[in-house]
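Input: a single structure, listed below in structure tokens.
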Amino acid sequence: MRWSEMSTRRRGALVVPGCAEIALTSAVAVDLAFRPQDDVRGRKALWWAGIFVQPVGPIAYLLWGRRRPRS
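Numbering (the UniProt record's numbering), first residue to last: 1 to 71.
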């Protein structure tokens, strides 16, 4: 189905999650870029590859890839 043939509702159903996915991946990429290696679980290079596996990569990084701040 072409974009021009889609209803407004269907277009929104594609655009909204797409924008959310881009925003989440961008936020995770910024966090990973500026976070020191000591504060990342595993190798940063693997997390870089992993965050582009949508949608689980960015979520996995947020849940398991970052070390918690030390008190």
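Note that the Cβ used here is the ideal one computed from N, Cα and C, for glycine as well.
Please read these numbers as outputs of a predicted model, since none were measured by experiment.
For V30, no pairing in a beta bridge is given by DSSP. By the CB criterion at 8 angstroms, W47 and G18 fall outside the cutoff. Per DSSP, P69 lies in no alpha helix (DSSP H) and is assigned neither H nor E. Excluding sequence positions up to five before and after F52, its CB lies within less than 8 angstroms of the CB of T25, all in the same chain and listed in chain order. In terms of Cβ geometry, V28 and L62 form a close pair [threshold 8 angstroms].
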